[in-house]
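Using this note's numbering, the first residue of the sequence shown is number 20, and each one after it goes up by one. Structure first, commentary second.
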Amino acid sequence: MEQGITGRITWIGVRPARREPLEPRQDVLVQAGIGLDGDHYDQTGGKRQITLIMQEDLDAAARELGRVTIDPALVRRNIVVSGVDLHRFREGYLRVGSSLVEVTGECHPCERMNENLGEGGRQSLASRGGITGRILEGGTLRIGDEVKWA
């Protein structure tokens with residue numbers, strides 16, 4: 020699939036506490052200035068209220084690691100999208116479902132990726148770690164919702 024301006028949410032997950040596994044969801048409430056309901060980052064302020072990664076990047080990392088797929092929960096990002104190029108802009112705004120997200124930076128992979136994916140896990144995501152964002156307008160996100168650059 021050609022990556023472009025518009026795509027879809029393919030996976031949603033929240034982490035109830037630091038270092039806990041992500042819990043997959045079909046939908047999640049996001050609150051402006053706070054984050055995803057039930058996620059341990061759901062607090063006022065901060066630049067990491069939501070994290071997003073491209074399914075296409077997970078697929079490329081899987082190939083690099085000799086895997087068929089990578090379980091999205093293992094990379095510890097809240098939202099997986101397909102079809103929209105998150106590398107296109109380093110800053111800007113994304114309409115994610117009914118919410119508006121300000122892109123605040125890249126989400127660099129940590130050492131946990133080697134723990135979760137095996138040797139080379141962190142390196143396989145070095146330029147594919149996704150992005151972080153601040154929620155400007157809240158709403159409910161659902162798998163299948165549109166994601167587009169605003």
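For glycine and all other residues, C-beta sits at the position ideal for the given N, C-alpha and C. None of these values were measured; they are calculated from a predicted model.
Contact set for residue i: own chain, Cβ-Cβ below 6 Å, skip 5 residues either direction
i	result
N252	The first residue shown for the chain is 20 and the last is 169, placing residue 252 beyond what the model contains.
G26	V100, S101, G102, V103 and V166
C126	T70, G148, G149, I150 and T151
Whole-angstrom distance between residue j and residue i, CA atom to CA atom
i	j	result
I53	T63	4 Å
A80	R96	15 Å
R141	T159	31 Å
Q45	G163	9 Å
P128	L144	6 Å
R37	H59	7 Å
V47	L77	22 Å
G124	L84	25 Å
I28	R161	7 Å
R114	A169	6 Å
F108	S117	20 Å
Q68	G111	15 Å
G139	P40	20 Å
G137	E42	21 Å
L105	V122	10 Å
V120	N133	29 Å
Buried versus exposed call for residue i [16 or more other C-beta atoms within 10 Å across all chains shown]
i	result
I98	buried
E75	buried
I72	buried
G149	buried
S146	exposed
I31	buried
P91	buried
I24	exposed
R34	buried
V87	exposed
Spatial neighbours of residue i in its chain, beta-carbon cut-off 7 Å, leaving aside the 5 residues before and after
i	result
R131	R95
A51	I154, L155, E156 and G157
Short CB-CB distance (under 9 Å) between residue i and chain B
i	result
V49	The chain inventory of the structure shown lacks chain B, comprising one protein chain alone.
Practice task
Could you tell me which uninterrupted alpha helix (DSSP H) segments, each at least 4 residues in length, are contained entirely in the stretch 42 to 97, listed from first to last along the chain?
Solution key: 74 to 84 and 91 to 94
Problem - Any alpha helix (DSSP H) of 4 or more consecutive residues that is wholly inside the stretch 119 to 165 - result: 131 to 136 and 140 to 143
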